[in-house]
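Take a look at the structure set out below.
Spelled out as structure tokens, the structure:
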């Protein structure tokens, strides 16, 4: 008995310490995760050497090869491919153009509700994968993704609570119950309670949760520079996105977030306000816009000859004493020497209504350059200009956007409709993205989030420690002994809270397996309804909202939402309490 308690208290100490350190958010999550794994290995080795019960090293390291982790990483590569090819921008345009009168907030709420309802009839993991790019597109330039990405994950879980096939946890409880001689659970057996919980939870996720989450956009130097205006000179040709734009009331309303400063046609110059001018091939246009918008235009501009090389954008500032100072851009020879094209110029002073080539360079001017990755890297050796930190970015290869979208849809639909495991389809999809050139290997490696790797691996290690040292079993026994005097309704309520908290430490499937036989035993000993305890197990095991490692969908939204561990605790714990209270109240009416 003493030997067992040593192992149990060691695993409990490790688990509590891990939660506290994660919640404090003072260290990088990947560092904390690695530390937890190392601590688990050391503690397990010491316990084993001393003759105490503990998991083996192989068990503790299983998380690095877990299907959940491989699936998430493959989906991150697919998501980065969609972003890099501009497929998300294409989706954004298609979503908003058909109904410009709609408020963007309404579209976001409708998309989230559709995801919730759909999750009742399909596994919620592929539903989350489908709606991440949709929500991202709708929120582009409107709200930070941190406001609603967590809501997407939580809502798909809530939708999955309503029917038998909504979650693998539901199916696992049903199959375990039948194997133990318990009642069979039908498709809509817990739909009434599940719908109430989903409705209450949806109100929280749509209207309260976004207020609790931080406004965490990409707050760095590069993103702040995205809003600054550049002077650019563009030569229009057939197929250019500007061709056909017509001036109305002196402006070009079709050219969103772009201001035309000068149009040159057949050596004749036109200045604003423009009078009945339609842009045509052969026109020279001087305009001002942000780097972000210019990148979109460049991505949509067909090139005269196919070039599969990646075109990289960067920003440089003209150094004091530079050889470019006081000279027109066309006379500096800068482009020929560096093999980088000058796309735009940013100056603090008043914008000049003249061709870019005729503008005289001044110290402090910021130049927007494009070139191959090798040419951009060589700029580090230039003394005339200084490369701005974190300003490098690529022009999305828009010609690959349809292919990337097709690969994405094939990945999801073959899993959702054909029943092929999402692990297999996601790996095939990631490989197809790489093989087709939608993303390069180096870019795919950068898309992989180290935080997710170590969060998943450390959560597996903690779960193994709790299960193989007997800590999880002891917690369960203590709960049963302390709550045995309660009525069946109160006991089910207490069991709900216990499972809901434990499912955020163990996997939801492991929690379901542990508590399903306990639920049947409690129903027998109290004379209560077996359905009450089984349904409580299903709902509570799905309450995986308080930690990122509790469920796959949390990990899926973690990177785009830029969430931290404490964000899930801040947003997830109130939802767990709300669902527990709702279940406890409604159970008195639905399970008499």
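Residue numbers (the working numbering): 687 to 1278.
Each residue gets a CB set at the ideal place from its N, CA and C atoms; glycine is no exception.
The structure presented is a predicted model; accordingly, all values stated were derived computationally and were not measured.
- For residue 973, the uninterrupted beta strand (DSSP E) run begins and ends at 970 to 976, by DSSP.
- In the DSSP assignment, residue 1058 forms a beta bridge with 997.
- In this structure, residue 711 keeps its C-beta atom at 9 Å or more from the C-beta atom of residue 1248.
- The residues 741, in chain order, have a CB closer than 6 Å to that of residue 1154 in the same chain once the five nearest residues on each side in sequence are set aside.
- Between the alpha carbons of residue 1230 and residue 1258 lies a gap of roughly 8 Å.
- Residue 945 sits away from residue 921, with the two beta carbons spaced by 9 Å or more.
- Sixteen is the threshold: when 16 or more other Cβ atoms of the shown chains lie within 10 Å of the Cβ of residue 701, as they do, the residue is buried.
- Residue 1013 sits in coil when the DSSP states are folded into three classes, being neither helix nor strand.
- The DSSP-derived three-state label of residue 1252 is helix.
- Going by beta carbons, residue 1056 and residue 1125 fall outside the 9 Å limit.
- Its Cα nearest to that of residue 693, the residue 726 stands out among 720, 726, 715 and 1199.
- The three-state secondary structure of residue 916, taken from DSSP, is strand.
- Contact check for residue 863 against residue 1216 passes: the beta carbons are separated by less than 9 Å.
- Counting along the chain, residue 1243 sits inside the alpha helix (DSSP H) bounded by residues 1238 to 1247.
- By the Cβ neighbour-count rule, residue 888 is buried, with 16 or more other Cβ atoms within 10 Å of its own.
- Within a 10 Å sphere around the beta-carbon of residue 813 sit 16 or more other beta-carbons, which makes this residue buried.
- Between residue 1003 and residue 1050, the CB-CB gap stays under 9 Å.
- By the C-beta density criterion, residue 1020 is buried, having at least 16 other C-beta atoms within 10 angstroms.
- In this structure the stretch 870 to 884 touches the stretch 838 to 852; the number of beta carbon pairs closer than 8 Å is three or more.
- With a minimum length of 3 residues, there is no unbroken run of beta strand (DSSP E) contained wholly in the stretch 824 to 906.
- Closest in C-alpha terms to residue 751, from the list 1211, 1263, 1146 and 1120, comes 1146.
- Annotated as distal: residue 761 and residue 1136, with beta-carbon spacing of 9 Å or more.
- Taking every protein chain shown into account, the CB of residue 1113 has 16 or more other CB atoms within 10 angstroms, so this residue is buried.
- Around the Cβ of residue 809, a 10 Å sphere holds 16 or more other Cβ atoms; the residue is buried.
- Non-local beta-carbon contacts of residue 958 in its own chain, meaning distances under 8 Å to residues more than five positions away in sequence, involve 936, 937, 946 and 947 in chain order.
- The Cβ atoms of residue 849 and residue 868 do not sit closer than 9 Å to each other.
- Listed in chain order, the non-local C-beta contacts of residue 1091 below 6 Å within the same chain comprise 773, local neighbours out to five positions each way being set aside.
- When DSSP states are grouped into helix, strand and coil, residue 924 belongs to the coil group.
- At least 9 Å separates the beta-carbon of residue 965 from that of residue 1005.
- Beta-bridge partners assigned by DSSP to residue 1046: 1014.
- Contact between residue 1226 and residue 1189 holds: their C-beta atoms lie close to 7 Å from each other, under 8 Å.
- Annotated three-state conformation of residue 940 is coil, per DSSP.
- Under the DSSP definition of a beta bridge, residue 1027 partners with 1056.
- In this structure the stretch 1205 to 1216 does not touch the stretch 786 to 805; the number of beta carbon pairs closer than 8 Å is below three.
- By the neighbour-count definition (other C-beta atoms within 10 Å, threshold 16), residue 828 is an exposed residue.
- Each of 1007, 1175, 1074 and 984 was checked against the Cα of residue 1085, and the nearest Cα belongs to 984.
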